[in-house]
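Chains as they are written, first to last, in my numbering: chain A, 234 to 596; chain B, 6 to 173; chain C, 183 to 314; chain D, 376 to 503.
Inspection log for the structure reproduced underneath, given as structure tokens.
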Amino acid sequence: MSDLYSLTPYVVLAVSALASTIAVYLAIIERDLIKAVLYSAIQSTFYALIFYLLMVPDIVLVYIPVAVGLLPAILIIAVKKTEKYEDVGGVPRTTSIIVLLSVTVFTLIAGYLLVVSHAITFDVFPSLDARLLAKWFLATTLWWNRLFSSMSPEAVTAIVWDYRGLDTYFETSVMYLAIIGALAIARYLDIPRKEYREDVMGMSIIGKMSTRVIMPMIIIVAISIALHGHLTPGGGFQGGVTGAVTVSLLIFIFSVYFATRFFKISIAILLRIIGLAGIVLSATIVAIIGFLIGQPAYIFQNQPKIIAQIGLPYEIGGNLISGTLLLFNTSEFLAVLMGFAILFLLLSIPEENVLEVIKGEVE
Amino acid sequence: MSRIIRAIPVAILTFIVYIVFTGSATHFDIVTGVIGAVIVGIVFGSVVITNTYKFLQLQRYFWGLAYALYYFFIAEVRAHYDVIKRILNPKMPINPGIVKIPIDVASDYSILAVANSITNTPGTVTVYVHPNKKYLYINWIDVVTREPEEARKAISYVFEKFAKKVFD
Amino acid sequence: MIDLRTYLFTVTYIAIVVNTVIALYGIFVRPNILKKIIALSIFGDCTFIYAIIIGFRKAEPYPEIPIMITQQPSKEYIEHFVAKAVDPLPPALVLTGVVIGLAVMLFLIFLSIQAYRLFGTLNIRKIVRMRG
Amino acid sequence: MNLLNPVLTIIGYVLVGIGAFCQVVAGIGMNRFPNFFVRLHAATICAIGGSFVPIIGCSLIALSIEEFGVIRFFLAGAGFVTAVFLLILAPVGSHLLAKAAYFSKAAVLYPKAVDLLEEDVERGEIRE
Numbered sequence: 234m235s236d237l238y239s240l241t242p243y244v245v246l247a248v249s250a251l252a253s254t255i256a257v258y259l260a261i262i263e264r265d266l267i268k269a270v271l272y273s274a275i276q277s278t279f280y281a282l283i284f285y286l287l288m289v290p291d292i293v294l295v296y297i298p299v300a301v302g303l304l305p306a307i308l309i310i311a312v313k314k315t316e317k318y319e320d321v322g323g324v325p326r327t328t329s330i331i332v333l334l335s336v337t338v339f340t341l342i343a344g345y346l347l348v349v350s351h352a353i354t355f356d357v358f359p360s361l362d363a364r365l366l367a368k369w370f371l372a373t374t375l376w377w378n379r380l381f382s383s384m385s386p387e388a389v390t391a392i393v394w395d396y397r398g399l400d401t402y403f404e405t406s407v408m409y410l411a412i413i414g415a416l417a418i419a420r421y422l423d424i425p426r427k428e429y430r431e432d433v434m435g436m437s438i439i440g441k442m443s444t445r446v447i448m449p450m451i452i453i454v455a456i457s458i459a460l461h462g463h464l465t466p467g468g469g470f471q472g473g474v475t476g477a478v479t480v481s482l483l484i485f486i487f488s489v490y491f492a493t494r495f496f497k498i499s500i501a502i503l504l505r506i507i508g509l510a511g512i513v514l515s516a517t518i519v520a521i522i523g524f525l526i527g528q529p530a531y532i533f534q535n536q537p538k539i540i541a542q543i544g545l546p547y548e549i550g551g552n553l554i555s556g557t558l559l560l561f562n563t564s565e566f567l568a569v570l571m572g573f574a575i576l577f578l579l580l581s582i583p584e585e586n587v588l589e590v591i592k593g594e595v596e
Numbered sequence: 006m007s008r009i010i011r012a013i014p015v016a017i018l019t020f021i022v023y024i025v026f027t028g029s030a031t032h033f034d035i036v037t038g039v040i041g042a043v044i045v046g047i048v049f050g051s052v053v054i055t056n057t058y059k060f061l062q063l064q065r066y067f068w069g070l071a072y073a074l075y076y077f078f079i080a081e082v083r084a085h086y087d088v089i090k091r092i093l094n095p096k097m098p099i100n101p102g103i104v105k106i107p108i109d110v111a112s113d114y115s116i117l118a119v120a121n122s123i124t125n126t127p128g129t130v131t132v133y134v135h136p137n138k139k140y141l142y143i144n145w146i147d148v149v150t151r152e153p154e155e156a157r158k159a160i161s162y163v164f165e166k167f168a169k170k171v172f173d
Numbered sequence: 183m184i185d186l187r188t189y190l191f192t193v194t195y196i197a198i199v200v201n202t203v204i205a206l207y208g209i210f211v212r213p214n215i216l217k218k219i220i221a222l223s224i225f226g227d228c229t230f231i232y233a234i235i236i237g238f239r240k241a242e243p244y245p246e247i248p249i250m251i252t253q254q255p256s257k258e259y260i261e262h263f264v265a266k267a268v269d270p271l272p273p274a275l276v277l278t279g280v281v282i283g284l285a286v287m288l289f290l291i292f293l294s295i296q297a298y299r300l301f302g303t304l305n306i307r308k309i310v311r312m313r314g
Numbered sequence: 376m377n378l379l380n381p382v383l384t385i386i387g388y389v390l391v392g393i394g395a396f397c398q399v400v401a402g403i404g405m406n407r408f409p410n411f412f413v414r415l416h417a418a419t420i421c422a423i424g425g426s427f428v429p430i431i432g433c434s435l436i437a438l439s440i441e442e443f444g445v446i447r448f449f450l451a452g453a454g455f456v457t458a459v460f461l462l463i464l465a466p467v468g469s470h471l472l473a474k475a476a477y478f479s480k481a482a483v484l485y486p487k488a489v490d491l492l493e494e495d496v497e498r499g500e501i502r503e
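See the structure below:
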């Protein structure tokens, strides 16, 4: 009986992986692009289950809004704006077979190398032991000795900001550049000024009223996920993408003219700049304090270290706040939410307006 | 001013959701929850709430509780039993069709409550709301009558009575 | 005699490898740009799962999430935690990867919509022929 | 609290069992029912009996396990909030699907006993 109990997660893991393979096959083969998007959403659902069973709840929280919610929504908008069906004519059969063979060989070699690097043989896959670095991270995340620890019980968020903050910083700048690129493409475009009319725009009254009830709840749940990032699964990224679902709901269920009542693109850009400034501040605040009181301190430093003895308090009145982690999570929440809000608003500009502007530009 | 008055009920509601979702009520949770709830209330207050003073009338809460008890323990159980019986019956006795029922409530939230209750009970799905908000079109798994008033008695009369007491 | 759990885990791994093959095939062969983007997102998800699998481990009865559930841990609790929890580094990398991936994907979708506005088609073969 | 825990556990397991039964029946119904609109009724069983009820059950089970310490309130609270979301949003999904399928003629309402919506559309009362 206990054998069966310990076997169950592995059975679910294997079944969902096989089901996701079927969904991937259908998504690639399907010619109707809307159906392909839906198949890829099914695949994402199974992947979320796999992530959960591999014991990474942080990823589940960020993956479900991204891959099941936002990406299919955007892809469906894009398909509606462009071609509905894929034209597969003109692909030579020999080419596709050669590509398939070479891809298969490449992937099998890469996959086998991954196993070898990880566990020597398939007999002990996955291995019984964790890596040395993982053990060090796990042992020091909440040691209750400020000189060696990040003082956060959540190892993942501690690594994202405390141990590998520089990586996160540059990855945030990649996202910043992507949004700047989208803004640059749409530089002459703006959402047309039009009055929102309840009776003609958007979906039916049931959808509208329930969205009205549910929107503040989604936002507050996103805030909760973001602000408790240093205690429970979650953090700024997860909260930001969960909150971005609200923006897409506003645009889909009501219309973009209703969404612009809440924020214009310029206000969203402003709030996003505030978020990015908060990230920079949380990276440098300890160094600034050290500079002001004349002690050695580093950027990306949170808790005091042996050679730099200052740091932010890790608790206030018995509540763990883990130094700069709270500030970082709040700013990241704002930056991610507003970044996706900008992209959604840009994507929902009506096609006639865009074509008008582009025609002038091409000629 | 009306913006702030409207923000208060939304802030209280979202604060409750925050505390329930977080699952703890330390000082940290309460402070962050109040800040977040106030921000959300100010942003969304004007779209969610139309009449704040309905929130002050206590009898609405008792009627809401009665609605919930009736809905969960009588309406849902009866509808589930009925449709499960139809599915498991080898002959599958279904007689589907779209009927039209009149609805006589004032606020949009009442329409939402009635329509969602109808859809959430298996056997009936709201297909369309008439633009003048006086009729609902229901897909019914077993059409016993096509007369609007009789269909109303069979499907939505009790929901409507409760929803009027709670939301209107 | 291979443990049944290892066998099931290997099945999972092979299924993900097959997903990768299909997604790469889609990227290289299918002509529509949006289909290429869908395949690219599937490929990205597969790589995320590889990264998570590197951090996964076996523990009795099942590994734990890398999050402590007590606020002031004792020494024994930390030892137990280190012996059971999965590697927290890959989730931290994948976490940013998912969000950045979404932002870059949205940028690509923007570009392809712009390409459709300019060329009138999203078939990559037709667009290439248009140059000549 | 100690006395209440076994009661919560038993109620939770009963609710999860009801959920499993409803899911199986809904799956059978999905396959047996003749058209899209009738299948929506099976989907409703799936959403309420098969998802809402077992999520409440899981929350109650989580509340009753005292070894989890403080985190059990987190699990149970997240479960309750999810259940409320599901209760509000599941019927909206069904309604919008039914409406879209009806007016885009993607699914044909057959067999049908009566279709008063079609009659009103033909009379020109509703334009969609």
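Ideal placement from N, C-alpha and C gives every residue a C-beta, glycine not left out.
Since we're looking at a predicted model, the values are computed, not measured.
Residues that DSSP places opposite residue i in a beta bridge
{"i": "T131/B", "result": "I143/B"}
{"i": "D265/A", "result": "Y318/A"}
{"i": "V104/B", "result": "I143/B"}
{"i": "E246/C", "result": "A267/C"}
{"i": "N214/C", "result": "N305/C"}
{"i": "K548/A", "result": "Going by the sequence as given, residue 548/A is Glu instead of Lys. BP columns for E548/A point to L553/A."}
Residue i CB to nearest heavy atom of the ligand SAH below 8 angstroms
{"i": "G523/A", "result": "Looking at this structure, you won't find the ligand SAH or any other ligand, since it has none at all."}
Collapsed DSSP secondary structure at residue i in the structure displayed
{"i": "V39/B", "result": "helix"}
{"i": "L553/A", "result": "strand"}
{"i": "E497/D", "result": "helix"}
{"i": "D227/C", "result": "helix"}
{"i": "D490/D", "result": "strand"}
{"i": "E152/B", "result": "coil"}
{"i": "M183/C", "result": "Since pLDDT at M183/C reaches only 48, below the 50 mark, its modelled position is unreliable, and no value is offered."}
{"i": "N562/A", "result": "helix"}
{"i": "L375/A", "result": "coil"}
{"i": "G468/A", "result": "coil"}
{"i": "M405/D", "result": "helix"}
Whole-Å CB distance - residue i paired with residue j, under 8 angstroms assumed
{"i": "G511/A", "j": "T563/A", "result": "7 angstroms"}
{"i": "V270/A", "j": "L308/A", "result": "5 angstroms"}
{"i": "V445/D", "j": "V22/B", "result": "Incorrect: roughly 19 angstroms between the Cβ atoms, too far for contact."}
{"i": "M288/A", "j": "V211/C", "result": "Rounded, the Cβ-Cβ distance is 36 angstroms, inconsistent with contact."}
{"i": "F491/A", "j": "Y547/A", "result": "43 angstroms between Cβ atoms; not a contact."}
{"i": "I106/B", "j": "P153/B", "result": "6 angstroms"}
{"i": "L471/D", "j": "M436/A", "result": "6 angstroms"}
Chain G contact for residue i (CB, 9 angstroms cutoff)
{"i": "I251/C", "result": "Within the model displayed, chain G is absent; protein chains A, B, C and D are what it includes."}
Closest Cα partner of residue i within the set the options
{"i": "Q542/A", "options": "L509/A, G523/A, G550/A, V407/A", "result": "G523/A"}
{"i": "L612/A", "options": "R397/A, L580/A, L410/A, S239/A", "result": "This structure cannot speak to residue 612/A, because chain A is shown only from 234 to 596."}
{"i": "L553/A", "options": "F485/A, I412/A, M384/A, D432/A", "result": "M384/A"}
{"i": "A306/A", "options": "K592/A, V248/A, F573/A", "result": "F573/A"}
{"i": "L277/C", "options": "Y345/A, V299/A, V513/A", "result": "V299/A"}
{"i": "E261/C", "options": "T327/A, L334/A, L346/A, T373/A", "result": "T373/A"}
{"i": "S360/A", "options": "A205/C, V199/C, K240/C", "result": "K240/C"}
{"i": "V393/A", "options": "E584/A, T557/A, I540/A, I582/A", "result": "T557/A"}
{"i": "G321/A", "options": "V193/C, P213/C, Y207/C, V203/C", "result": "Residue 321/A is actually Val in this sequence, not Gly. Nearest of V193/C, P213/C, Y207/C, V203/C to V321/A, Cα basis: P213/C."}
{"i": "M97/B", "options": "H32/B, I146/B, N56/B, Y142/B", "result": "I146/B"}
{"i": "L341/A", "options": "T303/C, T194/C, T202/C", "result": "T202/C"}
{"i": "T229/C", "options": "A265/C, Y298/C, F301/C, A205/C", "result": "A205/C"}
{"i": "L462/D", "options": "L251/A, D265/A, I447/A, S273/A", "result": "I447/A"}
{"i": "M405/D", "options": "T419/D, G392/D, A395/D, G394/D", "result": "T419/D"}
{"i": "L450/D", "options": "I251/C, E258/C, K257/C", "result": "I251/C"}
{"i": "K487/D", "options": "I431/D, R498/D, K480/D, F412/D", "result": "F412/D"}
Mind pulling the alpha helix (DSSP H) runs of 4 or more residues that sit fully within the stretch 381-455 of chain A? 398-418
Completely contained alpha helix (DSSP H) runs for the stretch 415-457 of chain D, where each covers 4 or more residues: As summarised for the stretch 415-457 of chain D, the continuous alpha helix (DSSP H) elements at least 4 residues long and confined to that stretch are 428-439, given in chain order.
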